[in-house]
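Participant:
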Amino acid sequence: MDQDTALMVLCKVLEKASESSALSRIELTRQKVGEFINGDRNKFVQLEAEVKDVPSYIVYNNYIFSLLGFAVAALAFVESVFPADNMKAAVMLIVLAIELLIGWYMLTKEKLINKWKKYILAVIDEFK
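If you're matching positions, the sequence shown starts at -17 in the numbering used here and goes up one per residue.
1. Using CA coordinates, which residue listed in G16, M(-10) and E17 is at the minimum distance from V36?
2. Classify M(-17) as buried or exposed, calling it buried when 16 or more other Cβ atoms lie within 10 Å of its own Cβ.
3. Quick one: what does DSSP say F109 is sitting in, helix, strand or coil?
4. What's the C-alpha gap between E(-3) and A55?
5. Skipping 5 residues on each side, what residues in its chain have a beta carbon closer than 8 Å to that of K25?
Next comes the structure, spelled out in structure tokens:
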């Protein structure tokens, strides 16, 4: 099981706090990053490295959808080379469904980080 990074932990804290806070996103981020770092320079550097390592949302989406497109094309190729009977068609549909679920999981996994990334970067620049 994956262990959450410092960035993911902070994003979860921000998301939970935003549900009940009247502060703007940048004010809330400033407050929670300060509490999270708590004067620890190593935590600050770790958070900065992690947030700068996250690819942009557009690049990430393009990567996932290009992989899914390749998978669909590969399935279409296999179908054209080996004409499907009912069993092969069912197996191919299951494989396609699994691929789509994996793509959906990958997109939603990083959704929280992508939502808060710009605010965390702005606050990190302030703390420097």
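Idealized CB from N, CA, C, for every residue including glycine.
Facilitator: Let me lay it out:
1. By one-based count along the sequence shown, residue 36 stands at place 54. Closest option to V36, judged by alpha-carbon separation, among G16, M(-10) and E17: M(-10).
2. In the sequence shown, counting from the first residue as 1, residue -17 sits at position 1. Only weak support is given to the placement of M(-17): the predicted model assigns it a pLDDT of 37, under 50, and the value that follows is read from those uncertain coordinates. It is exposed - the Cβ of M(-17) has fewer than 16 other Cβ atoms within 10 Å.
3. Numbered from 1 along the sequence shown, position 127 holds the residue referred to as residue 109. DSSP places F109 in helix when its eight states are reduced to three.
4. In the sequence shown, counting from the first residue as 1, residue -3 sits at position 15. In the sequence shown, counting from the first residue as 1, residue 55 sits at position 73. Their backbone Cα atoms lie some 38 Å apart in a straight line.
5. By one-based count along the sequence shown, residue 25 stands at place 43. Non-local C-beta neighbours of K25 in its own chain, meaning closer than 8 Å and more than five positions away in sequence, comprise A(-12), F18 and I19, ordered along the chain.
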